[in-house]
Amino acid sequence: MARSLPPRLPMSDFTIAVVDDDAAIRRLVRLFLKRAGYESFECTTGEEAREALWQQPWDLAILDRRLPDLDGVVLAHQVRSHPDFRTRYIIMLTGEDDQKDKVEALDLGADDYITKPFQYPELLARIRAGKRIVDLQKELLDTNKRLELLSITDGLTKLHNHRHFQDELARTFDEAQRYQRPLSLAMIDLDFFKKINDTHGHAVGDDVLKRAAAMFRGSVRSTDLVARYGGEEFAVMMPETPLADGIAFAEKIRKLVESGPIDTQVGPVPVTVSIGIASVPHTRIHTAKELIVSADKALYRAKKNGRNQVQAEKRRDGLARSTEGAAPRTTTTAAR
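Right, dumping it as C-alpha cells:
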C-alpha cells in the first residue's frame, strides 16, 4: 500500500465505514480518506460493524473479507438485504487474490473488490466510482418519491387527489370494520361555486378552491385525510371519530368558511359550504363505497334544505341529524 499522502481536499458529506481488524490498515485508510475529503468511522469486528452500520448514517463501506468473528461476505449480505441500505455501496477487502472468493462476495452483496496490498490511487478511484453510483441511486429514489407524491396530489389545491383518497379510505374502512373502531367521512361542497366562476372568472374560482383547501388542511388532525374529491367538492376522512365528533368538526369547518370572505385577486368573495357526514359502525354500511354514498346523500339533503349547513346520515330510527341553527358542541370539539 502506498504511504505517500495526497493533498488535503475539502470535506464532503459522503461518509465511509472502514471495517478491518488490522489497526494499521484502519488508521492509514482513514488518513487517506480524510486527506481526500471524506468523513469516516471505523469498526474492528463484524458485530461492532453491524451495530454501527444500523445506527449511524453512512454511504460506502470498506469491509475486510476475513473478520475475527464474522465473515465479511455474510455481513455484506446482511447489509444488502436491509431495505434501508438499497443505495449503499460495499467494497470488499481481502488478502487473497482468489477468483472464487471474489465471485462469492459480489454475488452476495459486495459491489466491488480490492486485494491487499493496494495502492491509494486505486482505492480512491474505486471510492469515486462507488460515490457516482450512490449519488445516481439517491437521485433516482428522490425522483421516484417526487413522482409518487405528484401521482397522489391534486395539482391545483395540493391536497390529496381523488384516487389516493379512495385507496386510503378503502384501507382505513377495512381496519375500522375489523377492529370495530369509529370512522367518519365528511363530504364538503362549496355553495354556488358555478356562480362564482360565471361572475368573476375561473381564475378567481381557482383562488377560492385553493384558499378553501388551505382552510380544510389547517383544521384537520394529522391522522385525518383531506382531499379534493372533484370540482368544488372535498372529502375528509376521520379515523377514530364517532358521528357526534364528526358533526362537531363539520360545523367548525362550516362556521370557519362562513365567518369571512375568501381573499382573491378581485377582492373578498363570500363563500359558504354544505357538508354531509356519515360514519361507521352503522347497521346499513358495510363497504367504503356505501360510506361515501351515505355521506353524499347527507350532502344532497344539506343542499336541498338551503345550503350552508351540515347534515348527517339517517340512523336506524330513520331520522337525519342537522346542525342548522344548532348550539355549539362543546363536549365534542375538544377531541378534534
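Under the numbering used here, residue 342 is the last one in the sequence shown; the count climbs by one each step, no gaps. Note that CB positions come from ideal geometry on N, CA and C, so glycine has one too. Source: prediction; values computed, not measured.
Residue i - containing beta strand (DSSP E), residue span
{"i": "residue 245", "result": "239-245"}
{"i": "residue 351", "result": "The question about residue 351 has no answer here: the residues shown for the chain are numbered 7 through 342."}
{"i": "residue 265", "result": "Looking at the DSSP string, residue 265 is not in any beta strand (DSSP E), and its letter there is neither H nor E."}
{"i": "residue 282", "result": "279-286"}
{"i": "residue 70", "result": "66-70"}
{"i": "residue 73", "result": "Per DSSP, residue 73 belongs to no beta strand (DSSP E) and is neither H nor E."}
{"i": "residue 274", "result": "273-275"}
Reduced DSSP category for residue i - H, G, I as helix; E, B as strand; rest coil
{"i": "residue 57", "result": "helix"}
{"i": "residue 226", "result": "coil"}
{"i": "residue 48", "result": "strand"}
{"i": "residue 252", "result": "helix"}
{"i": "residue 26", "result": "coil"}
{"i": "residue 289", "result": "coil"}
{"i": "residue 169", "result": "helix"}
{"i": "residue 188", "result": "coil"}
{"i": "residue 21", "result": "strand"}
{"i": "residue 39", "result": "helix"}
{"i": "residue 100", "result": "strand"}
{"i": "residue 330", "result": "Note that residue 330 scores 46 on pLDDT, short of 50, meaning its location in the model is unreliable and no value can be drawn from it."}
{"i": "residue 93", "result": "coil"}
{"i": "residue 337", "result": "No answer about residue 337 holds up, because its pLDDT of 31 lies below 50 and its placement is not dependable."}
{"i": "residue 182", "result": "helix"}
{"i": "residue 117", "result": "coil"}
{"i": "residue 34", "result": "helix"}
{"i": "residue 234", "result": "strand"}
{"i": "residue 215", "result": "helix"}
{"i": "residue 196", "result": "strand"}
{"i": "residue 325", "result": "Interpretation of residue 325 is limited by its pLDDT of 40, a score under 50 that renders its predicted location unreliable; the figure taken from the coordinates is listed afterwards. Residue state, collapsed to three classes: coil."}
{"i": "residue 162", "result": "coil"}
Neighbourhood of residue i by C-beta distance below 6 Å, restricted to the same chain and skipping five residues each side
{"i": "residue 101", "result": "122"}
{"i": "residue 20", "result": "44, 65, 137"}
{"i": "residue 216", "result": "163"}
{"i": "residue 118", "result": "97, 132"}
{"i": "residue 144", "result": "93"}
{"i": "residue 346", "result": "Nothing can be reported for residue 346: it is not among the residues displayed for the chain, which extend from 7 to 342."}
{"i": "residue 276", "result": "267"}
{"i": "residue 199", "result": "238"}
{"i": "residue 229", "result": "245"}
{"i": "residue 294", "result": "175, 176, 179"}
Close-in-space but distant-in-sequence residues of the same chain around residue i (CB under 8 Å, 5 per side omitted)
{"i": "residue 271", "result": "209, 210, 213"}
{"i": "residue 225", "result": "255, 258, 259, 262"}
{"i": "residue 128", "result": "120"}
Any chain D beta carbon closer than 7 Å to residue i
{"i": "residue 49", "result": "Here chain D cannot be found, since the structure has a single protein chain."}
Nearest-angstrom beta carbon gap, residue j and residue i [assumed within contact, 8 Å]
{"i": "residue 243", "j": "residue 178", "result": "6 Å"}
{"i": "residue 53", "j": "residue 76", "result": "7 Å"}
{"i": "residue 182", "j": "residue 189", "result": "4 Å"}
{"i": "residue 280", "j": "residue 315", "result": "6 Å"}
{"i": "residue 232", "j": "residue 165", "result": "6 Å"}
{"i": "residue 110", "j": "residue 79", "result": "6 Å"}
{"i": "residue 23", "j": "residue 59", "result": "6 Å"}
{"i": "residue 193", "j": "residue 241", "result": "6 Å"}
Alpha helix (DSSP H) segment containing residue i, residue limits
{"i": "residue 317", "result": "From DSSP, residue 317 is part of no alpha helix (DSSP H) but of the beta strand (DSSP E) over 316-320."}
{"i": "residue 131", "result": "126-157"}
{"i": "residue 111", "result": "105-114"}
{"i": "residue 205", "result": "199-206"}
{"i": "residue 355", "result": "It is not possible to answer for residue 355, since the shown part of the chain is limited to 7 through 342."}
{"i": "residue 86", "result": "78-87"}
Closest Cα partner of residue i within the set the options
{"i": "residue 235", "options": "277, 169, 89, 251", "result": "169"}
{"i": "residue 195", "options": "150, 249, 306, 80", "result": "306"}
{"i": "residue 81", "options": "184, 300, 92, 96", "result": "96"}
{"i": "residue 278", "options": "197, 239, 133", "result": "197"}
{"i": "residue 126", "options": "74, 35, 94", "result": "35"}
{"i": "residue 249", "options": "285, 274, 228", "result": "285"}
{"i": "residue 245", "options": "106, 89, 175, 60", "result": "175"}
{"i": "residue 252", "options": "227, 22, 67", "result": "227"}
{"i": "residue 292", "options": "186, 111, 218, 222", "result": "186"}
{"i": "residue 239", "options": "83, 282, 50", "result": "282"}
{"i": "residue 83", "options": "206, 56, 29", "result": "56"}
{"i": "residue 297", "options": "180, 124, 146", "result": "180"}
{"i": "residue 220", "options": "294, 153, 172, 269", "result": "269"}
{"i": "residue 103", "options": "74, 124, 241", "result": "124"}
{"i": "residue 308", "options": "88, 317, 300", "result": "317"}
{"i": "residue 172", "options": "88, 299, 313, 31", "result": "299"}
{"i": "residue 91", "options": "51, 128, 46, 147", "result": "147"}
Residues near residue i by beta carbon distance below 7 Å, same chain, minus five either side
{"i": "residue 99", "result": "26, 68, 69, 70, 71, 120, 122"}
{"i": "residue 107", "result": "71, 100"}
{"i": "residue 152", "result": "none"}
{"i": "residue 203", "result": "211"}
{"i": "residue 273", "result": "none"}
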